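Written out below as structure tokens is the structure these notes cover.
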Amino acid sequence: MANILIVEDDVKTAREIGAALVDHGMTSAHVMDGVEAVRQARTARYDAIILDRMLPGDLNGLEVLAALRGTGVSTPVLILSALSAVTDRVRGLRTGGDDYLTKPFDFIELTARVDALIRRRGSAPGAQDMELSVGDLYLDLFRRKASRAGVEIDLLPREYQLLEHFMRHPGDVMTRAMIFERVWGYRYDDRTNVIDVHVAKLRRKLDVNGLPTMIETVRGSGYRLVKS
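Its first residue numbered 1, the sequence shown is counted upward by one per residue in full-length UniProt numbering.
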């Protein structure tokens, strides 16, 4: 059963969202402010987050989102907002949101969008997998730790996100544009070498103790994670 974090300061709206999720076969937790949202998202496992953009207090919705993405939390986020202008939607997505739904909305559409987020993440609703593995490479999704052949690997937040993306698509060729848009959340600019720099750093960390390289360069295309 998929578990969803609802970040919404309006109690009535949060209850209605929670009821819609229950009717759809999901469970949920509710927090009302940005600080608690960041704490919950970092310490508990959720399949998706429904995040109100206009939160009161120290952190608004976009600041919550930036804080999560900046520390490696890659849980899919659906932004809710009454701000419907194209510039508002683009800003939400570029901050790290995976989808953007304007208020007022239909709960049928909301649950359908949550389903789509979870599918795109690579896990069906209700999946309880806490670990990814490819060959001798393991990723603990709860502790956010990586190891290879029993040796723990120290990863920076962006490296963790990058590795998780590769491990959810083992053997698939990932173009630089795909990686940039799915991991960084921005449209790819071919004038930057940020992908190559991060992949090179991650590759060096994975190739522990002389083990074979797991991230292959596919000439003219991008990169691929292979079993060691």
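Note that CB positions come from ideal geometry on N, CA and C, so glycine has one too.
Please read all numbers here as calculations on a predicted model, not as lab measurements.
{"Query": "Between which two residues does the beta strand (DSSP E) holding D10 run?", "Result": "Element bounds for D10: n/a, residue is neither H nor E."}
{"Query": "Measure how close the beta-carbons of R203 and T192 come, nearest whole angstrom, since I'm counting them as under 8 angstroms.", "Result": "The pair is not a contact, with the Cβ atoms about 18 angstroms apart (cut-off 8 angstroms)."}
{"Query": "Taking 8 angstroms as the cut-off, decide whether the C-beta atoms of D159 and K201 are in contact.", "Result": "Correcting the residue identity first, residue 159 is Glu in this sequence and not Asp. Closer than 8 angstroms, so yes."}
{"Query": "For D190, which three-state DSSP category applies?", "Result": "coil"}
{"Query": "May I have a chain-ordered list of the beta strand (DSSP E) segments no shorter than 3 residues that lie completely inside the stretch 63-119?", "Result": "77-81, 99-102"}
{"Query": "Could you tell me which of T71, A85, R89 sits nearest to L78, measuring between CA atoms?", "Result": "R89"}
{"Query": "What does the alpha-carbon distance come out to for the pair D58 and V64?", "Result": "10 angstroms"}
{"Query": "Of all the options Q40, H30, D190, which has the alpha carbon lying nearest to the alpha carbon of T13?", "Result": "H30"}
{"Query": "Which two residues bound the contiguous alpha helix (DSSP H) that contains R144?", "Result": "Premise fails: R144 is in no alpha helix (DSSP H) and is neither H nor E."}
{"Query": "Measure the CB-CB distance between L68 and A41 and report whether it falls below 8 angstroms.", "Result": "yes"}
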